[in-house]
Every structure is written in structure tokens, then in C-alpha cells.
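A.B. asks:
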Amino acid sequence: MSQPPTKILLIEDDREDYLITRDLLEDIDAWEAQLDWASTYDEGLAAICRAEHDVYLIDYRLGARDGLELLQQAIETGCTAPLILVTGYRDHETDLAAMKAGAADFLTKGRIDTDLLERSIRYALERAQARDQLADANQQLQRKNQTLSELTETAHRFVDNVAHEFRTPLTVIKEFSTIIGDGIGGPVTDEQTEFLRYITSATRDLALMVDDFLDSSKLKAGSLRISRQPHSIKSIFESVRPMLAIRAAERKSAVTEAIDPGVGAVFADLEKAGRVIVNLAVNAIKFSPEGSEVELWAKPLDDGGVRIGITDRGPGLSEHDVAVIFERFKQVGDVQRASTKGFGLGLNIAKELIWLNLGTVDVRSTVGSGSTFSFTLPANNPCVVLASYLDRLGELDDPPKNLIACTVIAPAGGFDSDLLHDFLATSCRPLDLAIAGQPAGSILIVGPDNTPDGIVNRLNEAHVAALETRPEQTPQAISAESLGTFGYPSRRAELEQLVATHVREPQICA
Amino acid sequence: MDRPTILIADDDERLLIALTIRLEALGFQVLKANNGQAALELAQQTPPSLLILDINMPGCDGFSLIEKMDKTSGLGCIPVIYISGADGEGELDSACARLGALVLIRKPFEIEELLDNVTLVLPAPGQAA
């Protein structure tokens, strides 16, 4: 067999040492070494830059400069071949420095014999080869990753485009079926009117699905914007009433509304809360017997938040169905069963939208006696909303690393609620981004008070870890300072100044 | 008295027909264009009382149409209702607001929503004889 010789360059200013090395290498039986010699630092560096050798042996003493410097420079210029440092005397510190700088080995002159040199070179080459293979594999992996994310991106865009393109034809179908139904094209029989209602109803289903597809796609991309404002439950119910009435009428059913007198205002995205109600109610109407009643209700929670629920008189769900019903694309039970058709994406979207509204979802059901789907919305109280955010941060497996928290303690009298809501609305976006695992910049935590129930005291250890403060601290010991408080403004103007500085121009905390 | 004229621009011919039927039933006179450029030319010939414009149209879209009309004297103050199948997460709404549009109605809409907005600015003359 004829393996090509291993090309070795010795960078060494002592001719005697070159000769010794040459003799040692000549004695190697296992493979053939071809030794070249560079007698100065500069000559050696120039040769390294030409990258003509498989391995370099560098003497530590090279005139006024040393081999360690050459080694570092060689690596900086992109040398990937193994570099072995050789010194005249044993020195543990130089050994460590060489290792740190990237030397493949560190050999002491006088102690080197053929066996040691042969093994050192062989191992160094083997490691270099393994490292190159790893780098290659890594590069391939990165390329594949890149291709995959491009494909995913394309797929998302495709879904988006298709979904958008659906909307105009859907409008056309809907328009003409109502035009015919209204008798504009001539008299319509009762039977025809009923058939037209089916067309309109199916069109509305499709429209809802298009919205779900788009939301789903944006949720996955983390680009779904949310605009939370104070709202009354009454206004949320009003926003969905016309749609629910239409959908209920299609099944000769009715949607009743019941708002508990103790229910207060919530801090939520009205449109998204409405979409959740429509999604849940449309399912409830669909699965209830024709002509029955579906109840839309709202009840207060202990922390001032609100639970909104939809109770139907449908077939109900088994325990297993309840457990899996919110999983994406999952249809409960036998997919052939007509009664569960269309249950998949809508519920999953509902769950995500509830999450974005800082709420939780719940389903209670007994087979044979109907289901109740409900969700919560946070109270219109900055303290509660921020606590919900902190809960979210605490739930994350991999808490965001780039957050900076700031507590603003309001004066005894408190700031007016409008101002606090402005703060909250401004802080929500970075908090949403942080929770979605994206670069968030800074976060302002507005604590309306310093009472035992105040924000600072509600932080637990998980939050502290998430906020990158001092994890060793107990919750009681977390002070406003430890969270990076920027100040304790006592006047509105000072608070506004703080927000202008720290929130509107987010800072990334290393 | 002449019936008020509404100019509709949408690149879907079928939607133009459907909306025309609805608006004519209310007694309006309707002009149809299937792109922004055609709408601009029609508006210059017969300035309408109201514009109903799709945002995404080939060539000249609903937004640039309004910018062009602003430069043409007398057409800048015609009220506009936008209709669109895009969602744009609030960006479209703010663009519409900036251009002074009355409202942005998202497809697929309920016809009552569109007609309510039309009659808000332009009282329906009633069924033409």
C-alpha cells in the first residue's frame, strides 16, 4: 500500500534540533513522514499561510518572539491543521496556555522519542480530521435547517395567500345566495329559501375556517398582534350577538345570555375574545339538537377576573375526548362520525387566543348531558394582568434571558388608572414577545402599590429566574432594587419620563 | 334630480355584479371598474358621490388610486369605503384612517354591513322608477 507521506513543517531556529527531529521521524515504521524546515518566525508563518503541510511542530523559542504567539497568529489566520508546540523545558503554565490557545499537543525536548512523536502526530491528525468532519456535518445540518425553514416559510406564505384568496369568492357566493334569497332575481319558493340558507351557512363556516387558518399560521410565526383594552362583558357579548343569532337561527336554536351581577370589566382584546366565543358557540350550536338552547354566561372570579362559558345540550364528551380536544387538528373519536366534524382547528385556535388574552380554558362534560366550554379573562386591574404575565413567564421551560424588569412603585394615593393602563398596554407587546421566546427588550413592571399583595411580593422563584435576577433570593427578599428598579417616581411626570426612557426605547439587557 | 352615483372598483367581476345589484336596488347609480386605473378614468369623467374600493387590485391598488385622486382637483374629497380580503393586523386599518377612509370592511362581509355604511353617508334615493 502506498499512503502519501505526511507532510510536517518544523518551525525551529536551532539546526541541531531540526536534525534530531528529522532522525526521530525517519525511524517511524508505521507511516512515512516528509519533514520541511522553517528557521524563523516569519518564514514559519508564511509557510503556515500557504497551508501546504498536514501538521506543524513549533518551537517555543523563536528569536525575540515565541511559538505561542506564532500559534495564536496561525489560528487567527485560519490555520486548521494541528499545531504541536515543542519546548526546551517543562512548564505547566506554558502547557496550559498552549492548550488554551489551541495547540494540539505540548512536547518537551529531550523527552521526545520516536514513539512519542509518532503517537502525538497521529493523534493530533486524527482529532483534526474528526473535528473537520464534525464541522462539515454541522455545516450540512445548518444548510438543511436553512432549507427547512425556507420551506416552512413558503408553506406558511402559501397558506396565507390561499386563505386570503378564499375571501373574495366566499363573498361572491354569499352575496348571490342572499340576492336570490331576497327575491331580487325573481320569486323564490320556501323550499328554495331553505336551500339557500344552507349555502349561506356553509359559506360562513368556510369564512370562519379561513380566519382560523390565518390565525393559526400567524400564531406559529409569532406574529399575531394583540390589542388589549378595558372592556365590559356586555360589550364583548354585544360584539358577537348578531353572528350568534344568525348561527343559532340556522339550527332553529337560540343563544341565551346571562351575566352575573358581580362581573366587572376585563382587560382583553375584544376581537379575539369575540372569536373565541363564536368558535365555542358555533360548535355548541352545531352539536346541540335542533331547536335547543345554548347558554352564554359570565361569572366573576375571586381575583376580579371573569369566566365566560358556553353550555350546550349536545351529546357530551368522554373523559378521553376532554383530554385531547384542544390538540391541534385532532378530531375527537372516530373521524367518520359526522357529529364531531370540524372540531379540530377551531378549538385549538380558541385555546391559543385565550392564552393570548392571558386567560385559561376549561371544559366540563358528561356523555349524554352536554358540555360546558369556558375561559377566563383577567380583571381590568394592572396588578392582576401583570401577575398573569408573571405566571406565563413561570410556565416557560426556557425563560427568556434578555429581560430587564423594573418596578415602579406608585405613591400612596396611586396613579390614575388611565395612566396605568397606558403603561400596561405599552408593556404588553414586549411581554408577549418575551413569552413567545423572541427578543423582547426591556420590560417595565408597573406595581401600583407596595402592599403585601403588590407585584413585587407576587413574584415567586420561577419568575425571578425568568427575570434573571438573583435566584438564590427567597420571594420575600425580592426587593424592587433586585429587579432593576429605575426609580420611585412620586409624580406623574416622573413616571411618564421613566416610561419614555425605558419602555418606548427598549433596552436589551445582557 | 339625478340619482347619486357610486363607483365600485374590485378585480372580481362577479363581486362587482353582486354589489351593483344591491346598490341599484337601493336606487343608486353604479359605475364599475375592475382595476384602479379604470376607476380613476371613470371618476374623472363622472365624479361619483361615493367610492367603494378593493385594496388589492392589479396595477393601481385602492390606496394609490386615492393618492392619485387627491392630486386631481375635485376628486380628493369623495368619501371612500374600502373592502379587502387581507387582514394586515391593524396596518390596513391605520392606512385607511390616514387616507381619510370612512371604514374598512373585511371580506367576506355581510351585505347589511356594507349597505349600512353606504346609506350612512348617502341616503338611499329609493327604488328608481
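Line by line, the protein sequences are chains H and V.
In terms of the working numbering, the first sequence is residues 1 to 510.
In terms of the working numbering, the second sequence is residues 1001 to 1129.
For glycine and all other residues, C-beta sits at the position ideal for the given N, C-alpha and C.
1. Please state the DSSP three-state secondary structure of H:Lys234.
2. Which of the three DSSP states is assigned to H:Ser388 in this structure?
3. So is V:Arg1098 in contact with chain H if we call contact Cβ pairs under 7 angstroms?
4. In chain order, what residues of the same chain have a beta carbon less than 7 angstroms from the beta carbon of H:Ser201, not counting five sequence neighbours either side?
5. Based on Cα-Cα distance, which residue from H:Gly291, H:Gly262, H:Leu270 and H:Glu271 lies nearest to H:Thr256?
6. So, is the C-beta of H:Phe176 closer than 7 angstroms to a C-beta in chain V?
7. For H:Ser239, which residues in the same chain have their Cβ closer than 7 angstroms to its Cβ, ignoring the five residues on either side in sequence?
8. Using the Cα positions of V:Leu1015 and H:Asp303, report the straight-line distance between them to the nearest angstrom.
9. Return the chain-ordered list of same chain residues with a C-beta closer than 6 angstroms to the C-beta of H:Asp115, the five sequence neighbours on each side being excluded.
10. Measure the CB-CB distance between H:Ser365 and H:Leu317 and report whether it falls below 7 angstroms.
11. Is there a Cβ from chain V that is less than 7 angstroms from the Cβ of H:Arg228?
12. Who are H:Phe373's beta bridge partners in DSSP?
13. Pair every Cβ in the stretch 1025-1040 of chain V with every Cβ in the stretch 1051-1067 of chain V, then say whether three or more of these pairs are closer than 8 angstroms.
14. Between H:Leu170 and chain V, is there a C-beta pair that is closer than 7 angstroms?
15. Can you give me the C-alpha to C-alpha distance between H:Ala97 and H:Leu68, rounded to a whole angstrom?
16. Flag H:Ala268 as yes if its beta-carbon sits less than 7 angstroms from any beta-carbon of chain V, otherwise no.
17. Contact criterion: CB-CB distance below 7 angstroms. Does H:Ala202 meet it with respect to chain B?
18. Exposed or buried, what is H:Leu19 when buried is set at 16 or more other beta-carbons lying within 10 Å of its beta-carbon?
19. In the DSSP output, what is H:Glu257 paired with across the bridge?
20. Could you list the residues in the stretch 1012-1028 of chain V with a C-beta less than 9 angstroms from some C-beta on chain H, going in chain order?
21. Please classify H:Thr147 as buried or exposed, where buried requires at least 16 other C-beta atoms within 10 Å of its C-beta.
22. Mind pulling the chain V residues with CB within less than 9 angstroms of H:Ala207?
23. What first and last residue would you give for the alpha helix (DSSP H) that runs through H:Lys144?
24. Mind pulling the chain V residues with CB within less than 7 angstroms of H:His164?
25. Of all the CB atoms in chain V, is at least one closer than 7 angstroms to the CB of H:Arg167?
26. What in chain V is Cβ-close to H:Ile179, meaning under 8 angstroms?
27. In this structure, does DSSP put H:Ser201 in helix, strand or coil?
28. Check the C-beta distance from H:Glu215 over to H:Ile349 and give it rounded, since I have them as a contact under 8 angstroms.
29. Against H:Ile277, what residues of chain V qualify as contacts under a CB-to-CB distance less than 7 angstroms, listed in chain order?
30. Any idea if V:Pro1048 is buried or exposed, counting beta-carbon neighbours within 10 angstroms, 16 or more meaning buried?
31. Going by DSSP, what residue range makes up the beta strand (DSSP E) through H:Gln34?
32. Tell me the rounded alpha-carbon separation between V:Glu1113 and H:His231.
33. Among H:Pro82, H:Lys272 and H:Phe267, which has the Cα closest to the Cα of H:Leu377?
34. Just to make sure I have the definition right: I need the residues of chain H whose C-beta is within less than 7 angstroms of the C-beta of V:Ile1111. Which are they?
C.D. replies: So, to answer that:
1. Here residue 234 of chain H refers to the residue found at position 234 when the first sequence is read from its first residue. Looking at H:Lys234 - three-state DSSP - the assignment turns out to be helix.
2. Within the first sequence, the letter at position 388 stands for residue 388 of chain H. For H:Ser388, the secondary structure class from DSSP, reduced to helix, strand or coil, is helix.
3. Position 98 of the second sequence, counting from 1, holds the residue named residue 1098 of chain V. Between V:Arg1098 and chain H, the shortest Cβ-Cβ separation is not below 7 angstroms.
4. Looking up residue 201 of chain H in the first sequence gives position 201. These residues qualify, in order along the chain: Glu250.
5. Sequence index remark: in the first sequence, residue 256 of chain H carries index 256 (1-based). Selection H:Gly291, H:Gly262, H:Leu270 and H:Glu271 evaluated against H:Thr256 yields H:Gly291 as nearest (Cα-Cα).
6. Walking along the first sequence from the start, residue 176 of chain H turns up at place 176. It does; some Cβ of chain V falls within 7 angstroms.
7. The count along the first sequence starts at 1 and reaches residue 239 of chain H at position 239. Closer than 7 angstroms at Cβ, skipping near neighbours: Leu270 and Gly274.
8. Mapped onto the second sequence, residue 1015 of chain V falls at position 15. Mapped onto the first sequence, residue 303 of chain H falls at position 303. Each residue's Cα considered, the two are about 50 angstroms apart.
9. By one-based count along the first sequence, residue 115 of chain H stands at place 115. Excluding positions up to five away in sequence, the list is empty.
10. The residue labelled residue 365 of chain H in the question sits at position 365 within the first sequence. The residue labelled residue 317 of chain H in the question sits at position 317 within the first sequence. Yes, Cβ-Cβ distance for H:Ser365 and H:Leu317 is below 7 angstroms.
11. The residue you call residue 228 of chain H lines up with position 228 of the first sequence. Answer no: the Cβ-Cβ gap between H:Arg228 and chain V never drops below 7 angstroms.
12. Translated into the one-based positions of the first sequence, residue 373 of chain H becomes position 373. Note: H:Phe373 sits in a beta bridge opposite H:Ile310 and H:Val363.
13. Verdict: yes, contact present.
14. Position 170 of the first sequence, counting from 1, holds the residue named residue 170 of chain H. Using a Cβ-Cβ cut-off of 7 angstroms, H:Leu170 counts as an interface residue toward chain V, since at least one Cβ of chain V sits closer than that to its own.
15. The residue you call residue 97 of chain H lines up with position 97 of the first sequence. The residue you call residue 68 of chain H lines up with position 68 of the first sequence. Going by C-alpha positions, H:Ala97 is about 8 angstroms away from H:Leu68.
16. Locating residue 268 of chain H in the first sequence gives position 268, counting from the first residue. Output row for H:Ala268: interface = no.
17. In the structure shown, chain B cannot be found, because the protein chains are H and V.
18. Here residue 19 of chain H is taken as the residue at index 19 of the first sequence, counted from 1. Taking every protein chain shown into account, the CB of H:Leu19 has fewer than 16 other CB atoms within 10 angstroms, so this residue is exposed.
19. Position 257 of the first sequence, counting from 1, holds the residue named residue 257 of chain H. Beta-bridge pairing links H:Glu257 to H:Leu296.
20. Listed in sequence order: Asp1012, Arg1014, Leu1015, Ile1017, Ala1018, Leu1019, Ile1021, Arg1022 and Ala1025.
21. Position 147 of the first sequence, counted from the start, is the residue given in the question as residue 147 of chain H. Counting other Cβ atoms within 10 Å of its Cβ, H:Thr147 stays below 16 and is therefore classed as exposed.
22. As a working mapping, residue 207 of chain H is identified with position 207 in the first sequence. What H:Ala207 touches in chain V: Lys1107 and Pro1108.
23. Position 144 of the first sequence, counted from the first residue, corresponds to residue 144 of chain H. Thr114 to Gly181 is the span of the alpha helix (DSSP H), which, as asked, contains H:Lys144.
24. The residue given as residue 164 of chain H occupies position 164 in the first sequence. Within chain V, the residues near H:His164 are Gly1085 and Ala1086.
25. Counting from 1 along the first sequence, the entry for residue 167 of chain H is found at position 167. Yes, contact with chain V.
26. Indexing the first sequence from 1 puts residue 179 of chain H at position 179. Chain V residues near H:Ile179: Ala1018, Ile1021 and Arg1022.
27. Within the first sequence, residue 201 of chain H is the residue found at index 201, counting from 1. Three-state DSSP puts H:Ser201 in a helix.
28. Taking the first sequence and counting its residues from 1, the one referred to as residue 215 of chain H is at position 215. Taking the first sequence and counting its residues from 1, the one referred to as residue 349 of chain H is at position 349. Before going further, note that residue 215 of chain H is Asp rather than Glu in the sequence given. Yes, H:Asp215 and H:Ile349 are in contact; Cβ-Cβ is about 5 angstroms, under 8 angstroms.
29. In the first sequence, the residue the question calls residue 277 of chain H occupies position 277. Near H:Ile277 there are no residues of chain V at all, since even the closest Cβ is about 18 angstroms away, more than 7 angstroms.
30. Taking the first residue of the second sequence as 1, we reach residue 1048 of chain V at position 48. Under this definition V:Pro1048 is a buried residue.
31. Here residue 34 of chain H refers to the residue found at position 34 when the first sequence is read from its first residue. The continuous beta strand (DSSP E) containing H:Gln34 extends over residues Ala33 to Ala38.
32. Here residue 1113 of chain V corresponds to residue number 113 of the second sequence, with the count starting at 1. Here residue 231 of chain H corresponds to residue number 231 of the first sequence, with the count starting at 1. Taking the straight line from one Cα to the other gives about 23 angstroms.
33. Taking the first sequence and counting its residues from 1, one reaches residue 377 of chain H at position 377. Nearest in C-alpha terms to H:Leu377, of all of H:Pro82, H:Lys272 and H:Phe267, is H:Phe267.
34. For the purposes of this step, residue 1111 of chain V is identified with residue 111 of the second sequence, where counting begins at 1. Within chain H, the residues placing a beta-carbon under 7 angstroms from that of V:Ile1111 are Glu175 and Thr178, ordered along the chain.
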